[in-house]
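Counted from 1, the sequence shown has number 89 at position 89 by this note's numbering; the numbering is strictly sequential.
Positions of the beta carbon are idealized from the N, C-alpha and C atoms, including for glycine.
As structure tokens, the structure follows; a few thoughts come after it.
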Amino acid sequence: MNTHFKPSISDIRTMILCAYPLSAEEYAHHYYDGDGVNKSLEEAYVWYTVAQLSGNHSVDCLVNYLNSRLIKSTCNKLSSRAKHIYAKALECY
1 MNTHFKPSIS DIRTMILCAY PLSAEEYAHH YYDGDGVNKS LEEAYVWYTV
51 AQLSGNHSVD CLVNYLNSRL IKSTCNKLSS RAKHIYAKAL ECY
């Protein structure tokens with residue numbers, strides 16, 4: 001089992017703009033379910049937040065659920081990381 005996927009910035013840009021080969025939501029589901037990677041609610045939270053930032057609000061309930069399961073300071077750090085990933089992926093666009 002892989003510990004983490006390691007997409008490049010270019011891969012993340014494609015994920016955000018085209019939902020290909022996976023959308024940010026699908027990527028998050030892998031971490032949420034432990035599908036092919038170690039289950040990680042923290043990583044799932046990051047990628048669900050990236051999906052939200054991309055305009056996918058079908059994940060709002062999942063983000064809210066994870067907000068209730070994770071420590072607030074952890075959520076703040078993870079949200080900041082998601083915003084950084086999102087901004088970095090689109091800065092060259």
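Nearest CA to the CA of residue i: which residue from the options?
i, options, result
"residue 66", "86, 48 and 20", "48"
"residue 44", "88, 74, 91 and 9", "74"
"residue 108", "68, 33 and 55", "Residue 108 lies beyond the stretch modelled for the chain, which goes from 1 to 93, so this question has no answer here."
How close, in whole Å, do the beta carbons of residue i and residue j come, if the pair is a contact with beta carbons under 8 Å?
i, j, result
"residue 12", "residue 89", "4 Å"
Use the C-beta contact count for residue i: other C-beta atoms within 10 angstroms, 16 or more gives buried, fewer gives exposed.
i, result
"residue 25", "buried"
"residue 85", "buried"
"residue 57", "exposed"
"residue 62", "buried"
Helix, strand or coil: which one does DSSP assign to residue i?
i, result
"residue 56", "coil"
"residue 69", "helix"
"residue 20", "coil"
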